[in-house]
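Here is the structure we will look at.
Number of protein chains: 2
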Amino acid sequence: MPEVSDRAIGRLGLYRRLLKETQNQGKTHVFSHELAVLAGCTPAQVRRDVMTIGCSGSPAKGYDIDALIRSISRFLDPEDTLGVALVGVGNLGRALLSHFVGWGAQYSIVAAFDNDPDRVNRVIHGCRCYPVQEMPRVIEEKDIRVAIIAVPASEAQSITNQLCRAGVRSLVNFAPVRLWVREGVYVENVDVTMALERVAYFARESISERV
Amino acid sequence: MPEVSDRAIGRLGLYRRLLKETQNQGKTHVFSHELAVLAGCTPAQVRRDVMTIGCSGSPAKGYDIDALIRSISRFLDPEDTLGVALVGVGNLGRALLSHFVGWGAQYSIVAAFDNDPDRVNRVIHGCRCYPVQEMPRVIEEKDIRVAIIAVPASEAQSITNQLCRAGVRSLVNFAPVRLWVREGVYVENVDVTMALERVAYFARESISERV
DNA sequence: TTAACGTTGTGAATCCGTTCACAGAAAGTG
DNA sequence: CACTTTCTGTGAACGGATTCACAACGTTAA
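Below is the structure:
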């Protein structure tokens with residue numbers, strides 16, 4: 144099992160999405176430079192990434208799309224289906240639910256949590272919403288390892304603590320705060336506020352595209 | 144004007160938010176190591192970032208919070224108010240609107256665009272929603288430089304082209320695709336799908352926290 | 001006044017992701 | 001079959017962000 148950076152993990156997922164799209168257009172092979180323009184990176188980067196997951200192509204035809212998708216999936220996807228919990232069913236939470244509904248069997252949001260009486264015990268976008276106090280029980284019962292935090296900043300740390308205690312291994316955090324987690328828990332911060340501040344800064348006259 | 148990386152820009156915004164919070168707790172000074180734990184980075188990182196914007200502290204008391212906030216604001220914020228457009232008023236778009244409503248005078252979403260007749264010409268979370276075809280006119284009239292793209296992936300590129308043509312300088316892109324923009328336009332991709340894939344990968348047994 | 005302490009400011013070292021550059025290989029061509 | 005072309009695979013070079021490490025300094029205490 145090679146050691147791969149989180150940046151590379153992200154790109155591999157992107158490649159897979161782009162490859163599926165390309166496949167739908169009837170193509171069976173791609174060259175690194177073709178995938179590179181789709182992904183917005185360099186051909187060398189593509190080749191390096193593909194190499195690290197132990198997949199190889201032919202100098203004449205490029206990479207076999209089907210084989211590459213299978214390699215990426217074998218590398219990225221967990222063996223069994225991965226249950227995901229969503230905490231916070233406000234505007235953002237509902238948007239995420241609708242975004243991930245029918246996302247395929249590999250990952251799916253199998254439980255939502257909130258405290259608002261109007262939301263609790265209802266089914267929203269096909270997902271049952273439980274009260275937060277039942278979180279430990281439900282997470283254990285459904286063997287949930289991943290959680291998405293979409294609660295206000297003020298509640299995020301407390302929710303995180305409960306999630307970690309219940310055995311969650313990694314988190315996507317949408318609250319604009321940095322969470323404290325014990326060693327071994329992976330946190331991916333999606334900070335919309337930061338994104339806007341950055342974009343505002345670079346709106347002045349600036350250059351170039353970034354991930 | 145020092146040249147600062149986009150990573151540093153993001154951190155500076157984060158520092159500012161954390162500093163305001165700290166200030167509300169009655170403190171007037173912070174040490175680099177205090178801010179570092181709040182921001183989830185190292186003290187050296189904090190000192191370096193603060194240095195690059197030309198602000199200094201005292202070895203005995205640390206940094207004066209008020210002065211630091213003012214320095215960061217002077218560095219990050221545009222001189223005049225910055226108008227932001229939101230394109231796509233679906234679930235995600237509405238979540239973003241409610242997130243940024245009353246965000247302060249510095250940045251604010253001054254126009255929303257959509258094609259759905261149920262949304263067009265209505266005021267949603269205090270923001271007027273225009274039909275997409277009026278985008279060029281409204282963007283020019285309101286001198287909008289920044290846009291948030293919250294439309295389906297299939298429409299994102301076409302919207303981007305129209306925005307760039309209308310003079311938008313930088314974008315936050317929520318659609319799970321890479322956008323092509325002409326040199327000089329800054330794109331910040333917020334790829335929720337990628338975030339989830341990454342988190343799913345690191346749920347296996349992995350280590351450490353990342354931005 | 002002097003010494004001890006803990007922090008800032010910053011040149012230098014480090015680390016890690018990215019890119020370069022080229023050998024090796026497969027297909028096409030005459 | 002030899003020769004050209006164009007790509008892959010990859011060790012090495014590169015670059016830039018991060019961290020180290022320490023001199024300089026303000027404060028406090030004796």
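From first to last, the protein sequence lines are chains H and S.
For our numbering, count along the first sequence from 1 and bump the result up by 143.
For our numbering, count along the second sequence from 1 and bump the result up by 143.
Positions of the beta carbon are idealized from the N, C-alpha and C atoms, including for glycine.
Keep in mind it's a predicted model, so treat the numbers as computed, not measured.
Residue 149(S) - containing beta strand (DSSP E), residue span: Counting along the chain, residue 149(S) falls outside any beta strand (DSSP E), though it belongs to the alpha helix (DSSP H) covering 149-167.
Whose Cβ in chain H lies nearer than 7 Å to the Cβ of residue 172(S)? Listed along chain H is no residue with a C-beta nearer than 7 Å to that of residue 172(S); the closest approach is about 21 Å.
Over what stretch of residues does the alpha helix (DSSP H) that includes residue 324(H) continue unbroken? No alpha helix (DSSP H) holds residue 324(H); DSSP gives it neither H nor E.
Could you pull out every residue in the same chain whose Cβ sits closer than 8 Å to the Cβ of residue 286(S), ignoring the five residues on either side in sequence? Excluding positions up to five away in sequence, the list reads 226.
Spatial neighbours of residue 178(S) within its chain, please: CB distance less than 7 Å, with the 5 preceding and 5 following residues excluded, ordered by chain position. Take residue 178(S), set aside five residues on each side of it, and the residues of its chain with a beta-carbon closer than 7 Å to its own are 158, 161 and 189, in chain order.
Checking 8 Å against the spacing of the C-beta atoms, do residue 339(S) and residue 293(S) come in under that value? In this structure, residue 293(S) does not lie closer than 8 Å to residue 339(S) by Cβ.
Cβ distance (whole Å) where residue 328(S) is taken to contact residue 314(S) below 8 Å: Contact holds; Cβ gap of about 7 Å.
To the nearest whole angstrom, what separates the beta carbons of residue 255(H) and residue 272(H), a pair I think is in contact under 8 Å? Confirmed, about 4 Å.
Tell me whether residue 209(S) sits in a helix, a strand or coil according to DSSP, three-state version. For residue 209(S), the secondary structure class from DSSP, reduced to helix, strand or coil, is helix.
Using only the alpha-carbon positions, how far apart do residue 276(S) and residue 311(S) sit? The alpha-carbon atoms of residue 276(S) and residue 311(S) are separated by roughly 16 Å.
Secondary structure at residue 201(H), three-state DSSP: helix, strand or coil? In the three-state reduction of the DSSP assignment, residue 201(H) falls in the strand class.
8 Å contact criterion, which residue 302(S) and residue 232(S) should meet: CB distance rounded: Taking the Cβ atoms as the reference, residue 302(S) lies roughly 13 Å from residue 232(S), outside the contact range of under 8 Å.
On the DSSP letters alone, give me the boundaries of the beta strand (DSSP E) that residue 228(H) sits inside. Looking at the DSSP string, the run of the beta strand (DSSP E) that includes residue 228(H) is 225-230.
Can you name the residues of chain S whose CB is closer than 8 Å to the CB of residue 191(H)? Within 8 Å Cβ-Cβ: nothing; residue 191(H) doesn't reach chain S, min ~18 Å.
Can you tell which of 212(S), 280(S), 201(S) and 242(S) has the C-alpha that lies nearest to the C-alpha of residue 270(S)? Among 212(S), 280(S), 201(S) and 242(S), the Cα nearest to that of residue 270(S) is on 242(S).
Minimum Cβ-Cβ distance from residue 297(S) to chain H less than 8 Å: Put simply, the CB of residue 297(S) is far from chain H, with every gap to its CB atoms at 8 Å or more.
Enumerate in chain order the residues of its own chain whose CB-to-CB distance from residue 149(H) is below 7 Å, with the five nearest sequence positions on each side excluded. Within the same chain, no Cβ atom closer than 7 Å to the Cβ of residue 149(H) is found once the five residues on either side in sequence are excluded.
What are the boundary residues of the alpha helix (DSSP H) that includes residue 187(H)? Residues 186-195.
Hey, quick one: how far does the beta strand (DSSP E) through residue 309(H) stretch, first residue to last? For residue 309(H), there is no enclosing beta strand (DSSP E), since its DSSP letter is neither H nor E.
Taking 8 Å as the CB-CB cut-off, is residue 308(S) touching chain H? False, the Cβ-Cβ gap to chain H never drops below 8 Å.
Does residue 158(H) come within less than 8 Å of chain S when only Cβ atoms are used? Answer no: the Cβ-Cβ gap between residue 158(H) and chain S never drops below 8 Å.
Please identify, using Cβ separations under 8 Å, the residues of the stretch 252-269 of chain S that lie next to chain H, in order along the chain. Within the stretch 252-269 of chain S, no residue has a Cβ that lies closer than 8 Å to any Cβ of chain H.
Would DSSP call residue 340(S) helix, strand or coil? Assigned with DSSP and collapsed to three states, residue 340(S) falls in helix.
Contact defined as beta carbons within less than 8 Å: I believe residue 333(S) pairs with residue 333(H). What is the distance between those atoms, to the nearest angstrom? Residue 333(S) to residue 333(H), Cβ: 6 Å. Contact.
I need the straight-line Cα distance from residue 221(S) to residue 245(H), nearest angstrom please. Taken atom to atom, the span from the alpha-carbon of residue 221(S) to that of residue 245(H) is near 42 Å.
Quick check: what's the CA-CA separation for residue 228(S) versus residue 200(H)? One C-alpha to the other measures close to 43 Å.
Could one say the Cβ of residue 283(H) lies closer than 8 Å to chain S's Cβ atoms, at least one of them? Taking Cβ atoms only, chain S never reaches closer than 8 Å to residue 283(H), which makes this a no.
If the criterion is Cβ atoms closer than 8 Å, does the pair residue 172(S) and residue 207(S) meet it? For residue 172(S) and residue 207(S), yes; Cβs fall inside 8 Å.
Residue 296(H) to residue 316(H) span [Cα, whole Å]: Going by C-alpha positions, residue 296(H) is about 10 Å away from residue 316(H).
Which runs of the alpha helix (DSSP H) spanning at least 4 residues fall entirely within the stretch 231-263 of chain S, listed in chain order? Listed in chain order, the complete alpha helix (DSSP H) runs (minimum 4 residues) inside the stretch 231-263 of chain S are 234-243.
What does residue 172(S) pair with, by DSSP beta-bridge criteria? Bridge partners of residue 172(S): 207(S).
Tell me which residues share the same chain as residue 174(H) and place their Cβ nearer than 6 Å to its Cβ, disregarding the 5 neighbours each side in the sequence. Only 205 meet the Cβ criterion.
How is the alpha helix (DSSP H) around residue 281(H) delimited, first residue to last? Where residue 281(H) is concerned, the enclosing alpha helix (DSSP H) stretches over 278-284.
Same chain, Cβ closer than 6 Å to residue 262(S), neighbours up to 5 away in sequence not counted: Answer for residue 262(S): 232 and 272, listed in chain order.
Where residue 319(H) and residue 153(S) are concerned, what is the direct C-alpha to C-alpha distance, given to the nearest angstrom? Counting only the Cα atoms, residue 153(S) lies some 12 Å from residue 319(H).
Can the beta-carbon of residue 180(H) be found less than 8 Å from the beta-carbon of residue 331(S)? Their beta carbons are not under 8 Å apart, which means residue 180(H) does not touch residue 331(S) by this criterion.
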